[in-house]
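The sequence shown runs 309 to 515 under our numbering. To start, the structure under review is shown below, and the notes come after it.
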Amino acid sequence: MIIGVVGFQGAVSEHFEALHAAMRKMRISGKVIEIRSAADVDRADGIVIPGGESTTISRLLCRSGAFDRIVERAEKEDLPIMGTCAGCILLAKGGDEQVKKTGKVLGLMDMSVNRNAFGRQKESFEVSLDVSGIAKGFPGVFIRGPSITDVHGRCKALCEFEGNIVAARQGRRIALCFHPELTGDLRIHEHFLKMVQEWKKSRGKKR
């Protein structure tokens with residue numbers, strides 16, 4: 309199993325650590341790589357888009373050629389993808405005026421987002437969340453996070469906080485408004501790895 313973390317900017321090393329820890333716990337033989345090119349996308353069995361600055365990540369994905377390849381593999385192969393914070397914004401089809409300033413978004417989930425719903429970085433906080441089908445009492449770390457304002461079509465809300473949707477799923481894509489990689493709780497990363505295992509099995513992939 310090869311998991312790729314988009315490596316241009318953001319909480320890349322934290323996702324590496326969480327994914328490696330989850331692999332060890334689940335006794336999965338695999339590795340984690342950085343996604344910096346279209347060729348890297350082709351190597352991956354699943355992709356994580358980390359938190360960071362969505363405009364910067366979008367621009368560098370486009371410049372590298374990885375942007376179009378992620379969209380192509382997601383649409384043709386149903387490649388598993390998890391986006392956290394900025395990654396959540398990039399997975400959405402659209403959103404508020406701040407989202408429009410982001411530039412190109414992947415648009416792989418039938419949802420809209422409010423880019424800075426949870427305020428400025430100094431207003432970061434942690435709250436216990438129940439993420440449907442994944443984890444109860446999960447420590448949700450919010451750092452100037454977005455909120456999901458609307459889900460439709462195949463996209464389903466997984467979790468709400470104070471009336472705001474903060475997690476959603478569409479097929480093998482998960483969007484989170486918080487940062488699971490900044491906690492010691494591996495349940496969300498483990499769930500994503502299980503999704504990748506199921507995807508590989510469905511495609512008859514052995515690696």
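Where is the CB? At the ideal position from N, CA and C, for every residue including glycine. Please read all numbers here as calculations on a predicted model, not as lab measurements.
- Under DSSP, Ser455 takes part in a beta bridge, and its partners are Asn422.
- Val459 and Met419 have their C-alpha atoms roughly 4 Å apart.
- Its chain contains Asp418, Gln478 and Gly479 as the residues whose beta carbon lies nearer than 8 Å to that of Arg462, once the 5 sequence neighbours on both sides are disregarded; these appear in chain order.
- Distance check between Gln317 and each of Ala475, Glu434, Lys502 and Ser362 places Ser362 closest, using alpha-carbon atoms only.
- The alpha carbon of Gly391 has as its nearest neighbour, out of Lys508, Arg511 and Val474, the alpha carbon of Val474.
- With a 10 Å radius around the Cβ and a threshold of 16 neighbouring Cβ atoms, Asp353 comes out buried.
- Straight-line spacing of the CA atoms in Ser436 and Phe446 works out to 5 Å.
- In this structure, the beta-carbon distance from Arg481 to Ala382 falls below 9 Å.
- Between the alpha carbons of Asp376 and Val356 lies a distance of about 16 Å.
- For the stretch 430-515, the continuous beta strand (DSSP E) assignments of 3+ residues that do not extend past its boundaries occur at 433-439, 443-450, 455-459, 464-469, 472-478 and 481-484, in sequence order.
- Between Cys393 and the set Cys370, Ala330, Asn424 and Glu342, the nearest pair of CA atoms involves Asn424.
- Under the three-state reduction of DSSP, Ala329 is assigned to helix.
- Between Gly411 and Arg452, the CB-CB gap reaches or exceeds 9 Å.
- According to the DSSP secondary-structure assignment, Lys339 is paired through a beta bridge with Ile310.
- For Gly395, the enclosing alpha helix (DSSP H) starts and ends at Ala394 to Leu399.
- If only complete runs of 4 or more residues are kept, the stretch 339-371 shows the alpha helix (DSSP H) at 346-351, in order along the chain.
- Counted as a single uninterrupted DSSP element, the alpha helix (DSSP H) harbouring Phe375 occupies residues Ala374 to Glu385.
- For Gly448 and Ser345, the gap between their C-alpha atoms comes out near 31 Å.
- Within the model, the alpha-carbon separation for Arg511 versus Val504 is close to 11 Å.
- Approximately 7 Å separates the beta-carbon atoms of Ile456 and Cys485; this is inside 8 Å, confirming the contact.
- Under DSSP, Met390 takes part in a beta bridge, and its partners are Val356 and Ile482.
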